[in-house]
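Asker: Residue numbers (my numbering): 56 to 390.
1. How would you call residue 266, buried or exposed, if buried means at least 16 neighbouring beta carbons within 10 angstroms?
2. Among the candidates 312, 186, 196 and 144, whose CA atom is the shortest distance from the CA of residue 168?
3. Please check the pair residue 249 and residue 117, which I expect to be a contact at CB under 8 Å, by giving their CB distance rounded to whole angstroms.
4. Between the C-alpha atoms of residue 163 and residue 381, what's the straight-line distance to the nearest angstrom?
5. Given 8 Å as the limit, is there contact between the stretch 250-263 and the stretch 69-83, that is, 3 or more CB pairs closer than that?
6. Give me the Cα-Cα distance between residue 192 and residue 238, rounded to the nearest whole angstrom.
7. Buried or exposed: which applies to residue 152, given that a residue is buried once 16 or more other Cβ atoms fall within 10 Å of its Cβ?
8. Does the beta-carbon of residue 121 have 16 or more other beta-carbons within 10 angstroms, so that it is buried, or is it exposed?
9. Across the stretch 102-116 and the stretch 62-76, are there enough close Cβ pairs to call them in contact, namely three or more that are closer than 8 Å?
10. Verify whether the separation of the beta carbon atoms of residue 189 and residue 216 is less than 7 Å.
11. Counting only runs that start and end within the stretch 184-270, where is the alpha helix (DSSP H) found for 4 or more residues in a row?
12. According to DSSP, is residue 134 helix, strand or coil?
13. Just the Cα atoms here: how many angstroms apart are residue 180 and residue 231?
14. Given residue 257, which residues of its chain have a CB within under 7 Å of its CB, disregarding the five upstream and five downstream residues?
Given below as C-alpha coordinates:
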(Lines of atoms letter the chains of each structure in order from A and count residues from 1; the text may use other names and numbers.)
(Lines give C-alpha, C1' and ligand atoms only; values in the text may rest on other atoms or scores of the structure.)
Protein backbone atom coordinates (compact mmCIF):
# COMPACT_ATOMS: atom_id res chain seq x y z
CA UNK A 1 0.00 0.00 0.00
CA UNK A 2 1.45 3.39 -0.97
CA UNK A 3 1.91 6.31 1.42
CA UNK A 4 -0.50 8.41 -0.68
CA UNK A 5 -3.23 5.79 -0.34
CA UNK A 6 -2.55 5.42 3.40
CA UNK A 7 -3.01 9.16 3.81
CA UNK A 8 -6.28 9.18 1.88
CA UNK A 9 -7.56 6.21 3.87
CA UNK A 10 -7.00 7.93 7.21
CA UNK A 11 -8.78 11.05 5.90
CA UNK A 12 -11.81 8.97 4.92
CA UNK A 13 -11.82 7.28 8.33
CA UNK A 14 -11.74 10.62 10.13
CA UNK A 15 -14.46 12.05 7.90
CA UNK A 16 -16.57 8.97 8.63
CA UNK A 17 -16.19 9.53 12.37
CA UNK A 18 -16.90 13.26 12.03
CA UNK A 19 -20.08 12.87 9.98
CA UNK A 20 -21.51 10.35 12.45
CA UNK A 21 -20.83 12.83 15.25
CA UNK A 22 -22.67 15.52 13.25
CA UNK A 23 -25.75 13.29 13.15
CA UNK A 24 -25.46 12.38 16.84
CA UNK A 25 -25.19 16.06 17.76
CA UNK A 26 -28.23 17.02 15.70
CA UNK A 27 -30.37 14.27 17.23
CA UNK A 28 -29.44 15.48 20.73
CA UNK A 29 -30.05 19.10 19.75
CA UNK A 30 -33.37 18.71 17.96
CA UNK A 31 -34.81 16.36 20.61
CA UNK A 32 -33.69 18.75 23.37
CA UNK A 33 -32.37 15.77 25.32
CA UNK A 34 -31.20 16.98 28.75
CA UNK A 35 -31.42 20.57 27.56
CA UNK A 36 -30.30 19.99 23.96
CA UNK A 37 -27.33 22.30 23.51
CA UNK A 38 -26.71 22.16 27.28
CA UNK A 39 -26.32 18.38 27.19
CA UNK A 40 -22.78 17.35 28.21
CA UNK A 41 -22.50 14.82 25.39
CA UNK A 42 -23.62 17.46 22.89
CA UNK A 43 -21.03 19.91 24.25
CA UNK A 44 -18.19 17.39 23.95
CA UNK A 45 -19.10 16.57 20.33
CA UNK A 46 -19.57 20.20 19.29
CA UNK A 47 -16.29 21.25 20.87
CA UNK A 48 -14.40 19.73 17.94
CA UNK A 49 -16.45 17.92 15.26
CA UNK A 50 -16.95 20.77 12.73
CA UNK A 51 -13.36 22.06 13.10
CA UNK A 52 -12.32 18.49 12.30
CA UNK A 53 -14.06 18.80 8.91
CA UNK A 54 -12.30 22.09 8.16
CA UNK A 55 -8.90 20.64 9.11
CA UNK A 56 -9.48 17.68 6.80
CA UNK A 57 -10.76 19.97 4.03
CA UNK A 58 -7.58 22.03 4.25
CA UNK A 59 -5.48 18.87 4.25
CA UNK A 60 -7.12 17.59 1.05
CA UNK A 61 -7.23 21.00 -0.66
CA UNK A 62 -3.45 21.23 -0.43
CA UNK A 63 -3.07 18.19 -2.71
CA UNK A 64 -4.21 20.46 -5.58
CA UNK A 65 -2.45 23.62 -4.43
CA UNK A 66 0.20 23.54 -7.18
CA UNK A 67 -2.49 23.48 -9.89
CA UNK A 68 -3.03 27.22 -9.46
CA UNK A 69 -0.39 28.68 -11.76
CA UNK A 70 -2.03 31.92 -12.85
CA UNK A 71 -5.35 33.72 -13.14
CA UNK A 72 -6.89 31.15 -15.47
CA UNK A 73 -6.35 28.22 -13.09
CA UNK A 74 -7.31 30.49 -10.16
CA UNK A 75 -10.78 31.20 -11.56
CA UNK A 76 -11.14 27.58 -12.68
CA UNK A 77 -10.49 26.47 -9.10
CA UNK A 78 -13.13 28.84 -7.71
CA UNK A 79 -15.65 27.76 -10.36
CA UNK A 80 -15.07 24.10 -9.49
CA UNK A 81 -15.68 24.78 -5.80
CA UNK A 82 -18.76 26.87 -6.63
CA UNK A 83 -20.64 24.03 -8.27
CA UNK A 84 -19.25 21.42 -5.84
CA UNK A 85 -20.40 23.30 -2.73
CA UNK A 86 -22.94 25.97 -3.69
CA UNK A 87 -25.15 23.86 -5.96
CA UNK A 88 -25.87 21.35 -3.16
CA UNK A 89 -26.33 24.24 -0.71
CA UNK A 90 -29.07 25.87 -2.81
CA UNK A 91 -30.62 22.61 -4.04
CA UNK A 92 -31.12 21.18 -0.56
CA UNK A 93 -31.94 24.50 1.14
CA UNK A 94 -34.54 25.49 -1.46
CA UNK A 95 -35.75 22.57 -3.57
CA UNK A 96 -35.42 19.73 -1.05
CA UNK A 97 -36.55 21.77 1.94
CA UNK A 98 -39.55 23.29 0.15
CA UNK A 99 -40.69 20.31 -1.90
CA UNK A 100 -39.20 17.05 -0.59
CA UNK A 101 -39.55 17.60 3.16
CA UNK A 102 -42.38 20.14 3.42
CA UNK A 103 -45.81 18.96 4.57
CA UNK A 104 -47.48 21.48 2.24
CA UNK A 105 -46.53 22.66 -1.24
CA UNK A 106 -44.58 25.91 -0.90
CA UNK A 107 -43.36 28.44 -3.43
CA UNK A 108 -39.71 29.44 -3.22
CA UNK A 109 -39.64 33.15 -2.40
CA UNK A 110 -36.99 35.85 -2.52
CA UNK A 111 -36.69 35.68 1.28
CA UNK A 112 -35.84 31.98 1.03
CA UNK A 113 -33.00 32.76 -1.37
CA UNK A 114 -31.65 35.52 0.89
CA UNK A 115 -31.88 33.26 3.95
CA UNK A 116 -29.90 30.59 2.10
CA UNK A 117 -27.22 33.14 1.24
CA UNK A 118 -27.05 34.84 4.64
CA UNK A 119 -28.04 32.20 7.19
CA UNK A 120 -28.34 28.72 5.65
CA UNK A 121 -29.08 25.56 7.61
CA UNK A 122 -26.18 23.93 5.76
CA UNK A 123 -23.82 26.71 6.83
CA UNK A 124 -20.73 24.50 6.53
CA UNK A 125 -20.96 24.51 2.71
CA UNK A 126 -21.17 28.31 2.57
CA UNK A 127 -18.25 28.91 4.94
CA UNK A 128 -16.15 26.22 3.25
CA UNK A 129 -16.67 27.88 -0.14
CA UNK A 130 -15.63 31.26 1.26
CA UNK A 131 -12.50 29.72 2.74
CA UNK A 132 -11.70 27.98 -0.55
CA UNK A 133 -11.84 31.39 -2.28
CA UNK A 134 -9.35 32.77 0.24
CA UNK A 135 -7.23 29.62 -0.13
CA UNK A 136 -7.17 30.09 -3.91
CA UNK A 137 -5.90 33.66 -3.38
CA UNK A 138 -3.29 32.23 -1.01
CA UNK A 139 -2.16 29.70 -3.64
CA UNK A 140 -2.01 32.37 -6.36
CA UNK A 141 0.10 34.70 -4.22
CA UNK A 142 2.42 31.86 -3.28
CA UNK A 143 2.82 30.89 -6.93
CA UNK A 144 4.18 34.33 -7.72
CA UNK A 145 6.22 34.66 -4.50
CA UNK A 146 7.78 31.22 -4.13
CA UNK A 147 7.00 28.55 -6.70
CA UNK A 148 9.15 25.93 -4.97
CA UNK A 149 7.31 26.34 -1.68
CA UNK A 150 8.66 27.78 1.54
CA UNK A 151 7.09 27.58 4.98
CA UNK A 152 8.11 31.15 5.86
CA UNK A 153 6.56 32.52 2.67
CA UNK A 154 3.49 30.38 3.36
CA UNK A 155 3.15 31.82 6.86
CA UNK A 156 3.59 35.38 5.62
CA UNK A 157 0.99 34.87 2.88
CA UNK A 158 -1.39 33.25 5.35
CA UNK A 159 -1.24 36.26 7.68
CA UNK A 160 -1.86 38.57 4.72
CA UNK A 161 -4.94 36.51 3.76
CA UNK A 162 -6.07 36.56 7.38
CA UNK A 163 -6.29 40.35 7.23
CA UNK A 164 -9.37 40.07 4.97
CA UNK A 165 -11.69 38.33 7.49
CA UNK A 166 -10.15 40.39 10.32
CA UNK A 167 -11.12 43.58 8.48
CA UNK A 168 -14.60 42.16 7.92
CA UNK A 169 -14.87 41.31 11.62
CA UNK A 170 -14.22 44.90 12.72
CA UNK A 171 -15.93 46.83 9.93
CA UNK A 172 -18.73 44.70 8.47
CA UNK A 173 -20.30 41.90 10.54
CA UNK A 174 -18.81 40.71 13.83
CA UNK A 175 -20.80 37.46 14.17
CA UNK A 176 -20.36 36.27 10.56
CA UNK A 177 -16.65 37.03 10.33
CA UNK A 178 -16.01 35.60 13.79
CA UNK A 179 -17.04 32.18 12.45
CA UNK A 180 -15.03 32.66 9.26
CA UNK A 181 -11.96 33.65 11.28
CA UNK A 182 -12.30 30.64 13.54
CA UNK A 183 -12.74 28.07 10.79
CA UNK A 184 -10.11 29.48 8.44
CA UNK A 185 -7.56 28.80 11.19
CA UNK A 186 -8.53 25.13 11.20
CA UNK A 187 -8.51 24.92 7.40
CA UNK A 188 -4.99 26.33 7.13
CA UNK A 189 -3.85 24.20 10.04
CA UNK A 190 -4.82 21.18 7.94
CA UNK A 191 -3.19 22.70 4.87
CA UNK A 192 0.16 23.21 6.61
CA UNK A 193 0.03 19.67 8.01
CA UNK A 194 -0.49 18.31 4.52
CA UNK A 195 2.23 20.44 2.97
CA UNK A 196 4.93 19.90 5.59
CA UNK A 197 5.35 16.30 6.71
CA UNK A 198 7.42 17.21 9.78
CA UNK A 199 4.35 18.88 11.33
CA UNK A 200 2.29 15.72 10.92
CA UNK A 201 5.16 13.63 12.29
CA UNK A 202 5.23 15.91 15.34
CA UNK A 203 1.53 15.26 16.02
CA UNK A 204 2.10 11.51 15.63
CA UNK A 205 4.72 11.58 18.40
CA UNK A 206 3.59 9.37 21.31
CA UNK A 207 4.13 12.13 23.89
CA UNK A 208 2.12 14.64 21.86
CA UNK A 209 -0.63 12.04 21.44
CA UNK A 210 -0.72 11.39 25.20
CA UNK A 211 -0.79 15.11 26.04
CA UNK A 212 -3.56 15.73 23.49
CA UNK A 213 -5.67 12.89 24.89
CA UNK A 214 -5.18 14.22 28.43
CA UNK A 215 -6.15 17.78 27.42
CA UNK A 216 -9.27 16.58 25.60
CA UNK A 217 -10.45 14.32 28.43
CA UNK A 218 -9.93 17.03 31.07
CA UNK A 219 -11.35 20.07 29.29
CA UNK A 220 -13.88 18.89 26.67
CA UNK A 221 -16.77 18.69 29.14
CA UNK A 222 -16.18 22.32 30.16
CA UNK A 223 -16.70 23.89 26.72
CA UNK A 224 -19.99 25.77 26.31
CA UNK A 225 -21.96 25.94 23.05
CA UNK A 226 -23.26 29.46 23.75
CA UNK A 227 -20.07 30.65 25.38
CA UNK A 228 -17.71 33.60 25.11
CA UNK A 229 -14.24 34.33 23.77
CA UNK A 230 -12.73 31.88 26.26
CA UNK A 231 -14.86 29.11 24.77
CA UNK A 232 -13.66 30.04 21.26
CA UNK A 233 -10.05 29.72 22.41
CA UNK A 234 -10.87 26.46 24.20
CA UNK A 235 -12.54 25.19 21.02
CA UNK A 236 -9.29 25.74 19.09
CA UNK A 237 -7.28 23.85 21.72
CA UNK A 238 -9.79 21.00 21.99
CA UNK A 239 -10.17 20.67 18.22
CA UNK A 240 -6.42 20.35 17.67
CA UNK A 241 -6.20 17.90 20.57
CA UNK A 242 -9.09 15.81 19.19
CA UNK A 243 -7.60 15.86 15.69
CA UNK A 244 -4.23 14.71 17.08
CA UNK A 245 -5.87 11.83 18.95
CA UNK A 246 -7.95 10.76 15.95
CA UNK A 247 -4.90 11.09 13.69
CA UNK A 248 -3.05 8.62 15.88
CA UNK A 249 -6.01 6.26 16.11
CA UNK A 250 -6.83 6.24 12.39
CA UNK A 251 -3.21 5.86 11.29
CA UNK A 252 -1.90 3.42 13.89
CA UNK A 253 -4.91 1.31 14.90
CA UNK A 254 -6.25 -1.58 12.85
CA UNK A 255 -10.02 -1.91 12.70
CA UNK A 256 -11.64 -5.12 11.45
CA UNK A 257 -11.63 -4.98 7.65
CA UNK A 258 -15.43 -4.76 7.33
CA UNK A 259 -15.67 -1.95 9.91
CA UNK A 260 -12.83 -0.04 8.27
CA UNK A 261 -14.49 -0.34 4.86
CA UNK A 262 -17.80 1.01 6.20
CA UNK A 263 -16.10 3.88 8.01
CA UNK A 264 -14.21 4.87 4.87
CA UNK A 265 -17.38 4.68 2.79
CA UNK A 266 -19.10 7.10 5.17
CA UNK A 267 -16.07 9.35 4.87
CA UNK A 268 -16.20 9.33 1.08
CA UNK A 269 -19.95 9.97 1.23
CA UNK A 270 -19.69 12.62 3.96
CA UNK A 271 -21.03 15.40 1.70
CA UNK A 272 -24.06 13.36 0.59
CA UNK A 273 -24.73 12.43 4.23
CA UNK A 274 -24.30 15.99 5.49
CA UNK A 275 -26.70 17.66 3.04
CA UNK A 276 -29.55 15.25 3.82
CA UNK A 277 -29.11 14.32 7.49
CA UNK A 278 -30.21 17.77 8.69
CA UNK A 279 -33.68 17.29 7.20
CA UNK A 280 -33.98 13.82 8.73
CA UNK A 281 -32.67 14.53 12.22
CA UNK A 282 -34.86 17.59 12.79
CA UNK A 283 -37.91 15.39 12.19
CA UNK A 284 -36.95 12.81 14.80
CA UNK A 285 -38.94 13.43 17.98
CA UNK A 286 -39.16 9.97 19.55
CA UNK A 287 -35.87 10.30 21.46
CA UNK A 288 -37.18 12.92 23.87
CA UNK A 289 -38.03 10.08 26.30
CA UNK A 290 -34.30 9.52 26.88
CA UNK A 291 -33.90 12.65 29.03
CA UNK A 292 -32.06 11.65 32.20
CA UNK A 293 -30.64 8.49 30.65
CA UNK A 294 -27.05 7.52 31.41
CA UNK A 295 -24.86 9.43 28.93
CA UNK A 296 -22.92 6.35 27.80
CA UNK A 297 -26.10 4.40 27.07
CA UNK A 298 -27.56 7.48 25.37
CA UNK A 299 -24.49 7.76 23.13
CA UNK A 300 -24.70 4.11 22.05
CA UNK A 301 -28.42 4.41 21.23
CA UNK A 302 -28.08 7.68 19.32
CA UNK A 303 -24.96 6.46 17.50
CA UNK A 304 -26.84 3.36 16.34
CA UNK A 305 -29.62 5.51 14.94
CA UNK A 306 -27.01 7.82 13.36
CA UNK A 307 -25.45 4.91 11.47
CA UNK A 308 -28.89 4.02 10.09
CA UNK A 309 -29.49 7.63 9.00
CA UNK A 310 -26.06 7.71 7.32
CA UNK A 311 -26.90 4.60 5.31
CA UNK A 312 -30.26 6.08 4.29
CA UNK A 313 -28.45 9.20 3.01
CA UNK A 314 -25.97 7.05 1.07
CA UNK A 315 -28.81 5.00 -0.41
CA UNK A 316 -30.62 8.16 -1.57
CA UNK A 317 -27.40 9.40 -3.18
CA UNK A 318 -27.08 6.10 -5.06
CA UNK A 319 -30.56 6.71 -6.48
CA UNK A 320 -29.83 10.33 -7.43
CA UNK A 321 -26.48 9.56 -9.05
CA UNK A 322 -28.25 7.50 -11.72
CA UNK A 323 -29.13 10.91 -13.19
CA UNK A 324 -26.10 13.04 -14.05
CA UNK A 325 -28.18 16.25 -13.78
CA UNK A 326 -29.54 15.41 -10.32
CA UNK A 327 -26.11 14.27 -9.18
CA UNK A 328 -24.68 17.64 -10.24
CA UNK A 329 -27.51 19.69 -8.76
CA UNK A 330 -27.84 17.97 -5.38
CA UNK A 331 -24.32 16.62 -4.83
CA UNK A 332 -22.07 18.86 -6.91
CA UNK A 333 -20.71 16.00 -9.01
CA UNK A 334 -19.44 16.71 -12.51
CA UNK A 335 -21.56 15.89 -15.54
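Just so you know, even glycine gets a beta-carbon here, dropped at the ideal spot from N, CA and C.
Answerer: On the basis of the supplied data:
1. exposed
2. For residue 168, the nearest C-alpha among the options comes from 144.
3. 4 Å
4. 19 Å
5. no
6. Distance from the CA atom of residue 192 to the CA atom of residue 238, rounded to whole angstroms, is 17 Å.
7. buried
8. Counting Cβ neighbours within 10 Å, residue 121 comes out exposed, since fewer than 16 surround it.
9. yes
10. yes
11. Whole alpha helix (DSSP H) segments, 4+ residues: 206-226, 229-250 and 252-258.
12. helix
13. 14 Å
14. 263
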